[in-house]
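Residue numbers (the working numbering): 8 to 96.
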């Protein structure tokens with residue numbers, strides 16, 4: 008690791024081998040979920056021309072967690088990005 012990394016705050020997380028990305032947007036009590044396929048690399052936002060989108064139903068456990076999060080903070084809108092693994096997690 009670069010020795011200069013201690014000069015600023017960082018957040019590290021485990022690399023996830025994903026097969027697709029999910030974008031879940033909540034407005035009020037409505038949940039809109041989209042599966043994003045076709046991105047090479049870690050960040051799908053850098054590859055718009057390569058992407059395909061499909062509307063999906065948010066998994067119930069995920070939807071419940073998101074709604075609880077928004078409720079806890081008193082929010083009525085949220086946009087969340089998730090990586091989908093081969094195991095369906």
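Don't be surprised by glycine CBs; every beta carbon is placed ideally from N, CA and C.
Sorted by chain position, which residues of the same chain lie with C-beta nearer than 6 Å to residue i's C-beta, five sequence neighbours on each side aside?
i          : result
residue 89 : 29
residue 6  : As displayed, the chain neither begins before 8 nor continues past 96, which places residue 6 out of reach and without an answer.
residue 70 : 38
Quick check on this structure: which residue in the options has the alpha carbon closest to the alpha carbon of residue i?
i          : options           : result
residue 98 : 53, 36, 58 and 52 : Since the first residue shown for the chain is 8 and the last is 96, residue 98 is missing from the structure and cannot be characterised.
residue 86 : 12, 32 and 9      : 32
residue 52 : 27, 71, 75 and 76 : 27
Could you please give the first and the last residue of the uninterrupted alpha helix (DSSP H) stretch that includes residue i?
i          : result
residue 73 : 67 to 79
I'd like the list of long-range same chain contacts for residue i, defined as Cβ closer than 8 Å, with 5 residues on each side in sequence excluded.
i          : result
residue 34 : 83 and 84
residue 91 : 25, 26, 27, 28, 29 and 42
Would you kindly report the start and end of the unbroken beta strand (DSSP E) that includes residue i?
i          : result
residue 50 : Neither: residue 50 is in no beta strand (DSSP E) and is coded neither H nor E.
- Item | Complete runs of the beta strand (DSSP E) confined to the segment 16 to 45 [at least 3 residues] | Correct list: 25 to 34 and 37 to 44.
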